[in-house]
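Peer 1: My structure is below; once you've seen it, I'll send some questions.
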Amino acid sequence: MEHLPGGSGGVWRVEDPVHGPTVHRPTGPWTPAVHDLLTHLAKTGLDGIPRVLGFDDEGREILTYLPGRTISVDTESAPDQTLAEAARWLRRFHDAVRSYDPGPRAWRQASAGFAAGQLICHNDTGAYNWIVDGDRFAGLIDWDQAGPGRPLEDLAFLCWSGIPLFRETPTTDAARRVRIAATAYGGVAPTELLDAIADRMQRASERIAAGIARADPGMLSLQALGEPERTRRRVDAFTARLPALRAALG
Numbered sequence: 005m006e007h008l009p010g011g012s013g014g015v016w017r018v019e020d021p022v023h024g025p026t027v028h029r030p031t032g033p034w035t036p037a038v039h040d041l042l043t044h045l046a047k048t049g050l051d052g053i054p055r056v057l058g059f060d061d062e063g064r065e066i067l068t069y070l071p072g073r074t075i076s077v078d079t080e081s082a083p084d085q086t087l088a089e090a091a092r093w094l095r096r097f098h099d100a101v102r103s104y105d106p107g108p109r110a111w112r113q114a115s116a117g118f119a120a121g122q123l124i125c126h127n128d129t130g131a132y133n134w135i136v137d138g139d140r141f142a143g144l145i146d147w148d149q150a151g152p153g154r155p156l157e158d159l160a161f162l163c164w165s166g167i168p169l170f171r172e173t174p175t176t177d178a179a180r181r182v183r184i185a186a187t188a189y190g191g192v193a194p195t196e197l198l199d200a201i202a203d204r205m206q207r208a209s210e211r212i213a214a215g216i217a218r219a220d221p222g223m224l225s226l227q228a229l230g231e232p233e234r235t236r237r238r239v240d241a242f243t244a245r246l247p248a249l250r251a252a253l254g
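Just so we're aligned, residue 5 is where the sequence shown starts under the working numbering, counting upward by one.
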């Protein structure tokens, strides 16, 4: 058994004689809804997602392991090709989930049905959850935050660390990569995407604060890293850069 970084409460890689490498993760009240979602996506033929295999003797979920590596968002930026592939894959996921209506379920962030314009989103599409093989986008992991949301919010979150925008990036380069993501996803203007990013990340800090208040283990681990104050500072700095980014997009 190998302990893996990340996750909410611990993640382990375990060799299985039938399935090969598997991932064992802690569960919560949201797990049945997430498993139902992943099962639906598997039936649609969507690639790049873990498959549900069951539970181990300690009650942890067992998922298939997606080979590859994640992006170290603090020290690297995904190549343009990888960013475009991630945005195209996100669109395919949203198309696959568009017909999925599980009704009110206990998701990690909410227990309700859909509001207008919502579908089930991943809600944590940061590049630290991308699986890449070389420069190829190969999948998305850590589905425990999935639940109702608007597709543009998923794309905005993807851009926050995938471009990246949470740290200062040369304005012309950041604007160019916003355009790459918007074009690859399709149906959204770069300026519309740019405006959605600050709003999505402000609400991300609010969700972290709410999770800390209810003693969610995953959110408490983020608190140890300086959240939600860290995200709030980054959103303020990004907001100050917005006029220049809008001008660069024309």
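Beta carbons are placed, not taken as given, at the ideal position from N, Cα and C, and that holds for glycine.
1. For THR175, report the span of its alpha helix (DSSP H) as first-last.
2. Specify whether the segment 168 to 179 and the segment 228 to 242 touch according to this definition: at least 3 beta carbon pairs, one from each stretch, less than 8 Å apart.
3. Please list, in chain order, all residues of the same chain as LEU249 whose beta carbon is under 8 Å from its beta carbon, the five residues on each side excluded.
4. Between the segment 103 to 110 and the segment 31 to 49, can you find at least three pairs of beta-carbon atoms closer than 8 Å?
5. Report all residues from its chain with a CB closer than 6 Å to the CB of LEU253; omit the five preceding and five following residues, and keep chain order.
6. Suppose you measure from the CA of GLY191 to the CA of GLU62; what does that come to, to the nearest Å?
7. Along the chain, which unbroken stretches of the alpha helix (DSSP H) at least 4 residues long are found entirely within the segment 56 to 137?
8. Are three or more beta carbon pairs between the segment 127 to 136 and the segment 53 to 68 nearer than 8 Å?
9. Tell me the DSSP secondary structure of TRP164 in three-state form.
10. For a quick check, are the C-beta atoms of ASP137 and VAL38 less than 9 Å apart?
11. Excluding the five sequence neighbours on either side, which residues of its own chain have a C-beta within less than 6 Å of the C-beta of THR79, listed in chain order?
Peer 2: Per the coordinate set shown:
1. Note, THR175: alpha helix (DSSP H), 175 to 189.
2. yes
3. THR175, ALA178, ALA179, VAL182 and LEU198
4. Remark: three or more beta-carbon pairs, one from each stretch, lie closer than 8 Å, so the segment 31 to 49 and the segment 103 to 110 are flagged as touching.
5. ALA179, PRO194 and THR195
6. 45 Å
7. 84 to 101
8. no
9. Of the three classes helix, strand and coil, the one that applies to TRP164 here is helix, per DSSP.
10. no
11. none
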